[in-house]
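This report refers to the structure that appears directly beneath it.
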Amino acid sequence: MNINLKRLFEKVSSTKLLSSKKIKKYFQYFLLYLTYYLTKFFVKKSKGISWVIGVDEIAGLIYNLGKVLQPSETVCFYNNKFYNFKYNYSLNLERIKKIKKRDFLRLVYGPVLLGYLANKHTHFWYIWSTGFMLDREWDFKFLKSKNKKIVCMFCGDDIRSPKLTMEFVKEKGLDHFVYYVGLQNSYYLNQEYEEEKKDAACIAEKYADVIFNFKYDQISYLKSEQFVFPYMYDKDKFYRNEEKFRKMEVIKILHAPSNPLVKGTTLVRAAIKRLREEGYKFEYIELQNVPNEVVLEHLRTSHIVLNHFYGFTICVFGIEAMANHCAVLMSADPSIEEGLPEDSKDAWLITKYWQIYDNLKFLLDNPEKIKYYADKGFEFAYRNYTYESVREYIYKILKQKTLLMSKK
Numbered sequence: 014m015n016i017n018l019k020r021l022f023e024k025v026s027s028t029k030l031l032s033s034k035k036i037k038k039y040f041q042y043f044l045l046y047l048t049y050y051l052t053k054f055f056v057k058k059s060k061g062i063s064w065v066i067g068v069d070e071i072a073g074l075i076y077n078l079g080k081v082l083q084p085s086e087t088v089c090f091y092n093n094k095f096y097n098f099k100y101n102y103s104l105n106l107e108r109i110k111k112i113k114k115r116d117f118l119r120l121v122y123g124p125v126l127l128g129y130l131a132n133k134h135t136h137f138w139y140i141w142s143t144g145f146m147l148d149r150e151w152d153f154k155f156l157k158s159k160n161k162k163i164v165c166m167f168c169g170d171d172i173r174s175p176k177l178t179m180e181f182v183k184e185k186g187l188d189h190f191v192y193y194v195g196l197q198n199s200y201y202l203n204q205e206y207e208e209e210k211k212d213a214a215c216i217a218e219k220y221a222d223v224i225f226n227f228k229y230d231q232i233s234y235l236k237s238e239q240f241v242f243p244y245m246y247d248k249d250k251f252y253r254n255e256e257k258f259r260k261m262e263v264i265k266i267l268h269a270p271s272n273p274l275v276k277g278t279t280l281v282r283a284a285i286k287r288l289r290e291e292g293y294k295f296e297y298i299e300l301q302n303v304p305n306e307v308v309l310e311h312l313r314t315s316h317i318v319l320n321h322f323y324g325f326t327i328c329v330f331g332i333e334a335m336a337n338h339c340a341v342l343m344s345a346d347p348s349i350e351e352g353l354p355e356d357s358k359d360a361w362l363i364t365k366y367w368q369i370y371d372n373l374k375f376l377l378d379n380p381e382k383i384k385y386y387a388d389k390g391f392e393f394a395y396r397n398y399t400y401e402s403v404r405e406y407i408y409k410i411l412k413q414k415t416l417l418m419s420k421k
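In this note's numbering, the protein residues as written are 14 to 421.
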C-alpha cells in the first residue's frame, strides 16, 4: 500500500505543472462563460462602439488612454507604484504581499470581469503582454468568438527580442542595454525567453485587429503592419516656465531613471563627474523610486533633463520633460525609429551614449541653447502628445483599419 501511494505521488508530481495549468484554464473558462451568460440579459450594452482598456499599468498608459478613447472603461490589476491614478476596475495586486492571495484574486476576478465586460463593450485595447485570463490567448479566443475587436499595444520587453536587437545594433555599430541586462540575467538571452517573444508576436498577429509597437526600439518577430504607439499628456499639465530661464546662475540638471542600467545612468554619472572636475558649476539631481508627483515638481524648475541613452524613441519621461519646458538630452532618433512625428527637429538634442559629456558641455557653454531646446520641445510635445492630438492620431488609424464602423 505504501509503495503504491509513493508511486502515485511521484506520478502526480511529475505532471503537477501541466495538470495545474489545465485545471486553472478550465476553471477560468468555466467562470468566464458562466459570467458571460448569467449577465448577458441584465447588462446594459453600449449603443455604439465602446472600449475596455487594460490590464496592467505601464507608465500611466491605461489611465491616459481612458481619457483619449471614449466611451471607455479602464481595468488595472497591477498599478504603477509611481502613479496614483483611479480606474473603473482595479485590484491593486501590487499591494498584496501574499503571493497565493494575489494569484487567487487574479485567477477568479479576471475571467468574471472579462465575461461581464464582454457583454457591455465592443472593443478591447490590451497594453503590455497580460490579459484578464492567465494566458492572454484565452482572452483573445473568447473575444473573437463574440465578434469583438482587439487592439494590442506593446511597450518594451513584452515584445522586444534580445536576439534581434543585438543583431540590429551590431549592424548599426551601436551598443545597447540588452547586452548588459543579459549579463545580469542569463535567462534574458536564453532561447526559451526568445521563444516567448516569438509566441507573443504570433498570438498578436493571429487575433489583433491593430498592433501598436515601435518597430526598431522594440524590434520583434511581428511581421504585420505596426503603428507607433502614442504617448499622452494632459494639456492642462503642460507647464511653461519662462522665469527659470531668467535665473540661470545655477543650472539645474535632472536625471530620473526608472532603471539605471537600461537608461545609461553610469554614463551620466561619469559625464557629471568629469564636468565637475573641469570646474563647471551646476546642480545635479538624480531621482529614483520616487512618486511621479515628486519628479514633476523637479521638472518644473529644471533646465536640462537627461533622459535615456540607448533607446531609439522618446519614452514617457521624455514627453513629461518637454511638456514641463526642459531641454532634453536623449538617444531617441527619428532616423532610426521612423514612425516618430516628422516635426521633431531640435525638439530634443539627440545624444547617443558616447555623447553625453560633449552635448551637456555644449549646453553649459551655450546657455541660450538650453532655452532654445526647451522651447522647441515644449511646442513639439504640445502639437503631438495632448489627449486631443493623440485622439486624432489614433482615430485616423482605427478608421483606416475599419475599427470605427458602428455595429449593426
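Where a beta carbon is used, it is the ideal one built from N, C-alpha and C, also for glycine.
For A394 and T314, the rounded distance between their alpha carbons: The residue labelled residue 314 in the question sits at position 301 within the sequence shown. The residue labelled residue 394 in the question sits at position 381 within the sequence shown. Distance between the alpha carbons of T314 and A394 is about 18 Å.
Cβ shell of L118 (< 8 Å), same chain only, five flanking positions each side left out: The count along the sequence shown starts at 1 and reaches residue 118 at position 105. Excluding sequence neighbours, L118 sits near L104, L106, I109.
F155, buried or exposed, once every other Cβ within 10 Å from all chains shown has been counted against 16: Locating residue 155 in the sequence shown gives position 142, where the first residue counts as 1. With 16 or more Cβ atoms within 10 Å of its Cβ, F155 is classed as buried.
H311 - DSSP class collapsed to helix/strand/coil: The residue given as residue 311 occupies position 298 in the sequence shown. In the structure shown, H311 sits in a helix (DSSP, three-state: H, G or I).
Test item: CB-CB of I232 and R173 under 8 Å: Position 219 of the sequence shown, counted from the start, is the residue given in the question as residue 232. Position 160 of the sequence shown, counted from the start, is the residue given in the question as residue 173. Going by C-beta atoms, I232 is nearer than 8 Å to R173.
Those runs of the alpha helix (DSSP H) which lie wholly inside the region 358–407 and span at least 4 residues: 369–378, 380–397
Top-ranked residue by Cα proximity to Y102, from I112, Y122, R115: Numbered from 1 along the sequence shown, position 89 holds the residue referred to as residue 102. The option with the nearest alpha carbon to Y102 is Y122.
Buried/exposed call for S237, threshold 16 Cβ in 10 Å: The residue given as residue 237 occupies position 224 in the sequence shown. Its Cβ having fewer than 16 others within 10 Å, S237 is exposed.
Cβ shell of T87 (< 6 Å), same chain only, five flanking positions each side left out: Within the sequence shown, residue 87 is the residue found at index 74, counting from 1. Around T87: I66, I75, G79, Y100, N101.
Euclidean distance between Cα positions of E180 and V164: Numbered from 1 along the sequence shown, position 167 holds the residue referred to as residue 180. Numbered from 1 along the sequence shown, position 151 holds the residue referred to as residue 164. Between E180 and V164, the C-alpha separation is close to 28 Å.
Close-in-space but distant-in-sequence residues of the same chain around A269 (CB under 6 Å, 5 per side omitted): Residue numbering aside, residue 269 sits at position 256 when the sequence shown is read from its first letter. Hits under 6 Å: L300, V308.
4-residue-minimum alpha helix (DSSP H) runs that sit fully inside the region 64–97, ordered along the chain: 74–81
Coarse secondary structure for L47, derived from DSSP in three states: Within the sequence shown, residue 47 is the residue found at index 34, counting from 1. DSSP places L47 in helix when its eight states are reduced to three.
Identity of the residues DSSP links to I62 by a beta bridge: Taking the first residue of the sequence shown as 1, we reach residue 62 at position 49. I62 pairs with nothing; no bridge assigned.
Cβ-Cβ distance between G144 and T48 below 8 Å: On the sequence shown, position 131 is the one that residue 144 refers to. On the sequence shown, position 35 is the one that residue 48 refers to. Contact flag unset, no.
Whole-Å CB distance - K294 paired with V263, under 8 Å assumed: Taking the first residue of the sequence shown as 1, we reach residue 294 at position 281. Taking the first residue of the sequence shown as 1, we reach residue 263 at position 250. With a Cβ gap of about 7 Å, K294 and V263 count as contacting.
Minimum C-alpha distance to D171 - residue among G186, E207, P273, H134: Here residue 171 refers to the residue found at position 158 when the sequence shown is read from its first residue. For the residues G186, E207, P273, H134, the minimum Cα distance to D171 belongs to E207.
Inter-residue spacing [alpha-carbon to alpha-carbon] between K414 and S59: The residue given as residue 414 occupies position 401 in the sequence shown. The residue given as residue 59 occupies position 46 in the sequence shown. In a straight line, the C-alpha of K414 is about 21 Å away from that of S59.
CB contact flag (K382, L373, <8 Å): As a first step, residue 382 must be located in the sequence shown, where it is residue number 369. As a first step, residue 373 must be located in the sequence shown, where it is residue number 360. For K382 and L373, no; Cβs fall outside 8 Å.
E401 classed as buried or exposed, judged by whether at least 16 other C-beta atoms fall within 10 angstroms: By one-based count along the sequence shown, residue 401 stands at place 388. E401 is exposed by the Cβ-count criterion.
Proximity to Y406 [Cα-Cα], best of P243, I327, A360: Against the sequence shown, residue 406 aligns to sequence position 393. Closest by alpha carbon: P243.
Residue interval of the beta strand (DSSP E) (run including E262): Position 249 of the sequence shown, counted from the start, is the residue given in the question as residue 262. Segment: none, E262 is in no beta strand (DSSP E) and carries neither H nor E.
Beta-carbon contacts of A221 that lie in its chain and below 7 Å, excluding the five residues immediately before and after: As a first step, residue 221 is located in the sequence shown; it is residue number 208 there, counting from the start. For A221, where only same-chain residues beyond five positions count, the Cβ hits under 7 Å are I163, V164, C165.
Rounded Cβ spacing between A336 and K250 (contact assumed at less than 8 Å): Here the question's residue 336 lines up with position 323 in the sequence shown. Here the question's residue 250 lines up with position 237 in the sequence shown. 7 Å between Cβ atoms; contact.
Secondary structure of F153, DSSP reduced to three states: Locating residue 153 in the sequence shown gives position 140, where the first residue counts as 1. Helix, per DSSP.
Residues near R115 by beta carbon distance below 8 Å, same chain, minus five either side: Numbered from 1 along the sequence shown, position 102 holds the residue referred to as residue 115. The residues are L106, I109.
Limits of the alpha helix (DSSP H) - the one that K113 falls within: Stepping through the sequence shown from its first residue, residue 113 is reached at position 100. Counting along the chain, the alpha helix (DSSP H) containing K113 begins and ends at 112–131.
Proximity to F95 [Cα-Cα], best of P84, N305, I332: Within the sequence shown, residue 95 is the residue found at index 82, counting from 1. Here the closest residue by C-alpha is N305.
Rounded straight-line distance, which links the Cα of Y385 to that of N379: In the sequence shown, residue 379 corresponds to position 366, counting from 1. In the sequence shown, residue 385 corresponds to position 372, counting from 1. The straight-line gap from Cα to Cα measures roughly 10 Å.
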